[in-house]
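In UniProt numbering, the protein residues as written are 1 to 950.
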Amino acid sequence: MQPFLQLVAHDLYTKIGNDLSRTVLVFPNKRANLFFNEYLAEESDQPIWSPAAMSISDLLQKLSVQKAGDPIRLVCELYKVFKEETGSRETLDDFYFWGELLISDFDDVDKNMVDADKLFSNLQDLKNLMDDYEFLDEEQEEAIRQFFQNFSIERRTELKEKFISLWDKLGIIYHRYRENLAELGIAYEGMLYRNVIEQLDADRLKYDKYVFVGFNVLNKVEKEFFQKLQKAGKAMFYWDYDLFYTQRISKHEAGEFIKRNLIDFPNELPESYFDIFRKPKKIRYISASTENAQARFLFSQTAQMGSEKENAIVLCNEALLLPVLHSIPQDVQNVNITMGFPLAQTPVYSFINAAMELQTNGYRPDTGRFTYEAVSKILKHPYTRQLSDHATRLERELTKTNRFYPLPSELKKDGFLTILFTPQSDIRELCDYLLRLIKSISILYRKEGEYDDIFNQLYRESIFQSHLKINRLYSLIESGELSVRTDTLKRLITKVLTASNIPFHGEPAIGLQIMGVLETRNLDFRNLIMLSLNEGQLPKAGGESSFIPYNLRKAFGMTTIEHKNAVYAYYFYRLIQRAENITLLYNTSSDGLNRGEESRFMLQLLVEGPHEITREYLEAGQSPQNTLEIQIEKTPEILRRLYRAYDTAQPESVILSPSALNTYLDCRLRFYYRYVAGLKTPDEVSAEIDSALFGTIFHLSAQLAYTDLTANGKMIQREDLERLLRDEIKLQGYVDQAFKQELFKVAPEEKPEYNGVQLINSKVIVSYLKQLLRNDLQYTPFEMVAMEKKVSEKITIQTALGPLTLRLGGTIDRMDAKEGTLRIVDYKTGGSPKIPANIEQLFTPSETRPNYIFQTFLYAAIMSRKQPLMVAPALLYIHRAASESYSPVIEMGEPRKPKIPVNNFAFFEDEFRERLQALLEEIFDEKEPFTQTEDIKKCAYCDFKAICKR
């Protein structure tokens, strides 16, 4: 294989000789020159005066008296002209992003040297005078006819009116805008190019020879430039192509433009050099189920590919760069990455993003508070934690206290946090704020001895680039050029930073090449692997947005989607024409914009190509894992933990609650994790109200209401409840207070900041509270004995180590008394009442075990021995208590048999205590291990599901 650039180097050296100092090489991009110089050096064993080299863009900019303008300033200048000419009241915020679109159109107009007056003329005139446009060929005339068939000037809609009124102004805006930019000495790229060509005097150019190498589609500016130099005898042209797509297939999109170029600007190299596509090639198509699978598979192939220098990996989807870098094995010695590292994937970008979110969506000027989500995100960022010793503690504190809307004063714990959490009111302050934060971060990379670390070099460069971009915006704001809302500035900063890349440093002509499609121009490799060769990636999906309708673009010779497809077709076929081993991978999964289709070029090559192609399928190896049964034996250490936790002889012993016993009956292993090993789920701040929190808030609301009702005595009268039921404000006040205490964790005097879902929950709890009071109306008068009362009882059991005294107990929601009966009431805001057949069912693990009744019976057993009244356990299901016949009394009995109301717990106490004793002895029996439950449904919402893998 003889690379194209080697052919060019040999031919140029043969024709011009050793002294190329008066010659300039013009490439489509800069990379090709590095490889060209290597080949040129091989042509002679003597020193050579090397030629100058530059891209076409650099050359035209050097020939211009104007400078390329800053993209943001260009939009601001266009906005001034737009406002003056249209009288529009549109703000820069609304104009900005379609202003970029307009500049893109003007750029295309100038690069294709379109007569703007004719293009932007009145549409009616354009229709009437179409015959006068002698510069149009038949195809272009047909395009204009099609435009007017689809766009009827006579049948006007509001949208058409707006389009036509603006279209009629675009010619004036275009000329005024160019005049203003010329006065400022700046230009957008197309304007700069056009001005150069219109004023170009080829005889006064610096070099004797301009050698154009490897171009394909030429815009009108480039074509005019080539023609002027050709007439002056100063141009040489080297085109790279293959007879396969220029001659053998007559209408191949890859050869569409190159054929015209070969006629207009004859090639310096003979045609015989370009019949290489038909030479033997090994071509493989490999489908993969994911993007990352391609990267993982990739380096299993490179080991078989010989010399690193002859290998190239081309990423059609440049987002694959990181997975590919992570997949490089250690035995690959040299790698050259032509693409830059995306700034958007560096820590400084995520920090800037979090800081902007904090100051925009994360701050509420009306209340002067930040939102927890925005505060938490930036406090968790590694940079914040490195720059502030208080960040971790502060984040933990906010989580623990459920602070949804912290005040800035609560967050300013040190110097850095003071800067971070000072609200910024306008765009100038926001830019200054970000610049100060970036300077603070830069301190982290000034430490000695870290300069050799590749990541530190990368991150230092990312900090520099970020500072540079934001400082540029700050300068535009300071000068008054840029005046936008804060949210628009945020979008601008995000856009500028995401478009930035950090270049990798390396030796480009050495080692394995990892490159994007555009970087492959003019380069040839023996072994080629292309990743993500999917439809939508190559060619790129869709055309760019434009204000100029497609048919008018086509009629006036401007860039269309067909041009772009032809360009990508040429890149693809030119790249593979000299390669000998070609592996093309594509992703078969349909997700997001990816339709899971192979590129049309692969299908085209399969149908039209002269080579045999093998298809292969990449599959991930399946290794199903059996989940092992977990059984925790009660070793001496575990027994010591159990005793230490619950033996009343131990100073740090705790109460064994009904919840813990219910957990044991539901799943012994969960009991071990939670109450023996002491594992807990991490605290979280959530604006969502789960069923447990909903119940807690209701309980507290009811407690507050009855605390007020019993302020002057424990007896509850009917008129007391009726009076409270009529007082909506008071009822809402109890619920608000409960929300502030349990959810918002704010002082009682502060106003709760409800979001939509929280407000709905608040109203539901008020309705539940009313239902409770209405239900109690039926029971009045009664004595409110206690609310949220902590109770406990000591109980002694026999174990292998001798007698063990435990303390059982918990918190009873409510106790009330009437007619010699103490009622133990447990409020329930969810679930359905269950009727146990007998006491045994309360202690038998099963899906239908009534655990709420077990808890209420345990409290009833404790209170039976603490006071003389008859005890009646009750479960009050608030959400089911609306019917007049509803009763909270617990019933027992076999299915389809008469039920016995539990009005006196004394009849059931002995059996309950006997079974309770047996349960406790089982928990402390060293022969009974902690095992997983047989009921898988219990695992669905278990906190320890990830550990036991059920």
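Each residue gets a CB set at the ideal place from its N, CA and C atoms; glycine is no exception. On a predicted model such as this, the values are computed, not experimentally measured, just so you know.
Nearest neighbour of residue i, chosen from the options [CA to CA]
i	options	result
residue 597	339, 670 and 285	285
residue 923	695, 763, 638 and 875	638
residue 856	554, 827 and 878	827
residue 487	455, 411 and 361	361
residue 265	250, 222, 393 and 282	222
residue 38	57, 391, 7 and 467	7
residue 615	582, 210 and 562	582
residue 73	469, 514, 759 and 822	469
residue 382	808, 98 and 441	441
residue 170	179, 119 and 481	119
Straight-line Cα distance separating residue j from residue i
i	j	result
residue 521	residue 943	56 Å
residue 800	residue 925	7 Å
residue 587	residue 605	18 Å
residue 608	residue 189	39 Å
residue 5	residue 574	13 Å
residue 207	residue 47	21 Å
residue 339	residue 516	6 Å
residue 576	residue 277	8 Å
residue 955	residue 292	A query on residue 955 cannot be resolved here, the shown segment of the chain reaching from 1 to 950 and no further.
residue 104	residue 471	25 Å
residue 113	residue 446	51 Å
residue 928	residue 890	32 Å
residue 613	residue 584	10 Å
residue 825	residue 860	10 Å
residue 268	residue 458	43 Å
residue 348	residue 418	19 Å
Assigned secondary structure, residue i (DSSP; H/G/I helix, E/B strand, else coil)
i	result
residue 113	coil
residue 941	coil
residue 792	strand
residue 932	coil
residue 154	At residue 154, the pLDDT of 49 sits below 50, so the modelled position is not reliable and the matter cannot be decided from this model.
residue 451	Low local confidence applies: a pLDDT of 49 at residue 451 is under 50, so the model's placement there is unreliable, with the coordinate-based value given in what follows. It is coil, neither helix nor strand.
residue 703	helix
residue 741	helix
residue 787	strand
residue 754	coil
residue 584	strand
residue 284	strand
residue 270	coil
residue 61	helix
residue 408	helix
residue 72	helix
residue 811	strand
residue 492	helix
residue 120	coil
residue 317	coil
Close-in-space but distant-in-sequence residues of the same chain around residue i (CB under 6 Å, 5 per side omitted)
i	result
residue 13	43
residue 182	none
residue 627	949
residue 746	740
residue 570	216 and 254
Beta-carbon proximity list for residue i, same chain, < 7 Å, skipping 5 on both sides
i	result
residue 641	676
residue 671	660, 663, 664 and 930
residue 945	939
residue 19	49
Neighbour-count burial assignment, residue i, 16 or more Cβ in a 10 Å radius
i	result
residue 2	exposed
residue 203	exposed
residue 77	buried
residue 848	exposed
residue 810	buried
residue 199	exposed
residue 718	exposed
Residues of its chain near residue i, where Cβ-Cβ distance is below 8 Å and the 5 sequence neighbours each way are ignored
i	result
residue 261	215, 216, 218, 237 and 239
residue 688	757
residue 919	661, 664, 665 and 843
Near the ligand HEM: residue i beta-carbon under 7 Å from a heavy atom
i	result
residue 46	This structure lacks the ligand HEM; in fact it carries no ligand of any kind.
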